[in-house]
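Written out below as structure tokens is the structure these notes cover.
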Amino acid sequence: MQNQNLSSPSTSEAPSKAGSAGSRTTGSRHRKGRILAVTAVVAIGAITGSGFAMQSAFAAENDRVAATAALTNSTAMHREQLGAYSAVLKARSTLSAVATMSDATATIASASGKADATVLSTSVAKLANYKLLAPERVLALVDETKAGIPTVQAAVAEADRVAAEQAAAAAAAAQAAADAAAAQKSASSAPSTSTGSRPAAPSDPSGAQAIAHDMMAANYGWGDDQFGCLVALWSRESGWNANSYNSSSGAGGIPQALPASKMASAGADWATNPATQIAWGLGYISGRWGTPCAAWDHSESSGWY
1 MQNQNLSSPS TSEAPSKAGS AGSRTTGSRH RKGRILAVTA VVAIGAITGS GFAMQSAFAA
61 ENDRVAATAA LTNSTAMHRE QLGAYSAVLK ARSTLSAVAT MSDATATIAS ASGKADATVL
121 STSVAKLANY KLLAPERVLA LVDETKAGIP TVQAAVAEAD RVAAEQAAAA AAAAQAAADA
181 AAAQKSASSA PSTSTGSRPA APSDPSGAQA IAHDMMAANY GWGDDQFGCL VALWSRESGW
241 NANSYNSSSG AGGIPQALPA SKMASAGADW ATNPATQIAW GLGYISGRWG TPCAAWDHSE
301 SSGWY
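Counting in the UniProt record's numbering, the sequence shown runs from 1 upward without gaps.
So this is what it looks like as structure tokens:
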């Protein structure tokens, strides 16, 4: 019994060790399986990630190809022509900038002292940087500068027109003064009595003629011989009517001032007062012709005085 008891534990211990060894083997297999599974998942993930990255790269490349194709189609050029087009555009923008700045600079110079060219000068200053700008920006500035040139040219032309009118008026005034001086000199050397070809004075003037008779004698020292010429002259011009008006020429009043508004220098009531009109008319005759008979002689020969 003792031997059996002693052997029993030995017998029982052997299976127990065998069972432990089997358990360790099974556990190792389970761990290896899990490691292989994890490795497979990682590998699949890596493959999937690589596939996604490759797909994104292909998509980006497709986008670049599509953009290039769109650019080629929009310019109606093949890919190899795009470089040449850029060079042509740059050259064109440069030539346009240089030519436009030349025209604008000449226009600005012509406006000196005549018109304001500030806006155009600003456009030219911006365009002067054409070497540093993109061709498209240069061409936009060229259009802006060209648009400003006609405005300045029109202002210069208007200034020239006004200056020409002023010069013509000054020349006319100088000529009138010279003519008046010549007439005065001629009148001073001519006899003061009427010739047989000059009209005689009315014996009993009345109304506006009486006013003129008294005014010319008091202010200019002219006698009846000159009065006869004055009566005949203004009878031809207006019939001594203070309301007379020539619609074709704009002359008006007893002396037929041209324009009629000139008589305002003799008084504010020039349009209705015969005395104001006569005062202006006598001053005109004295300054332009010297005497009424000199004015009459000119009217006889040319139809105006």
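Don't be surprised by glycine CBs; every beta carbon is placed ideally from N, CA and C.
Alpha carbon of residue i to alpha carbon of residue j, nearest angstrom
i: L132; j: I149; result: 24 Å
i: A167; j: A154; result: 20 Å
i: S299; j: G253; result: 17 Å
i: V119; j: V152; result: 9 Å
i: A257; j: A128; result: 58 Å
i: A87; j: D103; result: 25 Å
i: G250; j: D224; result: 31 Å
i: S50; j: T145; result: Per-residue confidence for S50 stands at a pLDDT of 48, beneath the threshold of 50, marking its modelled position as unreliable; no derived number is given.
i: T276; j: K114; result: 41 Å
i: W280; j: G221; result: 16 Å
i: S302; j: V162; result: 31 Å
i: N243; j: A264; result: 15 Å
i: T48; j: P135; result: Reliability fails at T48, whose pLDDT of 49 lies under 50, so the model's placement of it is uncertain and no value is given.
i: A210; j: R236; result: 17 Å
i: M216; j: S110; result: 53 Å
i: T107; j: K126; result: 17 Å
i: A212; j: A171; result: 32 Å
i: L139; j: S96; result: 7 Å
i: M101; j: A169; result: 38 Å
i: A295; j: F227; result: 12 Å
i: residue 330; j: K262; result: A query on residue 330 cannot be resolved here, the shown segment of the chain reaching from 1 to 305 and no further.
i: P274; j: A208; result: 6 Å
i: Y130; j: A164; result: 39 Å
i: S123; j: L141; result: 7 Å
Terminal residues of the alpha helix (DSSP H) in which residue i lies
i: R198; result: No alpha helix (DSSP H) holds R198; DSSP gives it neither H nor E.
i: P282; result: The residue asked about is misnamed: residue 282 is Leu in this sequence, not Pro. It spans P274 to R288 - the alpha helix (DSSP H) in which L282 sits, taken as one unbroken run.
i: G303; result: Neither: G303 is in no alpha helix (DSSP H) and is coded neither H nor E.
i: I211; result: G207 to Y220
i: G228; result: D224 to E237
i: L127; result: T118 to L127
Buried/exposed call for residue i, threshold 16 Cβ in 10 Å
i: Y85; result: exposed
i: P259; result: exposed
i: V98; result: exposed
i: T272; result: exposed
i: S247; result: exposed
i: A176; result: exposed
i: D143; result: exposed
Contact test: residue i Cβ vs the ligand MN heavy atom, cutoff 6 Å
i: A164; result: In terms of ligand content, the structure shown is empty, and the ligand MN therefore cannot be addressed.
- Does the pairing of the stretch 225-234 with the stretch 199-213 give three or more beta-carbon distances under 8 Å? Verdict: yes, contact present.
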